[in-house]
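If you read the sequence shown in this note's numbering, its first letter stands for residue 4, the second for the next number, and so on.
Written below as structure tokens is the structure these notes are about.
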Amino acid sequence: MWLTKAHTSQEAPTSISGSSSLGMITTFVNVPLISSFQKNVEIEYQSRFFSLLSFFSGGLIPLEVLYAGYLSSYIGADITYIINNMAIIVIVFLVFRKNKKYL
């Protein structure tokens, strides 16, 4: 099966460019999202809002790792990575499409 074979040096540029693209997409999503939060959350509540956001974001990491590990044990790490990133992209597009007036 092609998912279980060892990676070759020819596949490295694809992995590097894919990871770089994902990093850029993350930046392009995070900057408008944080700006939108700063614009729409009242100034006296921003410290509480951002501390809760950071707390829950960090607190969900163990659950995400458990989910990804469980899923990758059944379908492989490559497919799990693709599925998770596609789900994130779909969720971001849905949220931005729904809340376009706030940007």
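From the three backbone atoms N, C-alpha and C, an ideal C-beta is built for every residue, glycine too.
Remember, it's a predicted structure, so these values are computed and weren't measured experimentally.
Which first and last residues belong to the alpha helix (DSSP H) in which residue i is found?
i, result
"LEU66", "64 to 78"
Since residue i and residue j should fall inside the 8 Å C-beta cutoff, what is the C-beta to C-beta distance between them, to a whole number of angstroms?
i, j, result
"PHE40", "PHE52", "7 Å"
Can you give the Cα-Cα distance for residue i and residue j, rounded to whole angstroms?
i, j, result
"ILE46", "ILE82", "42 Å"
"ILE85", "LEU66", "18 Å"
"SER24", "ILE92", "12 Å"
"THR7", "GLY79", "Confidence is the limiting factor: at THR7 the pLDDT is only 49, short of 50, which leaves the residue's position unreliable and the question unanswerable from this model."
"LEU97", "GLN49", "24 Å"
Quiz item: Which runs of the alpha helix (DSSP H), 4 residues or longer, sit entirely within the region 23 to 64?
Solution: 49 to 62
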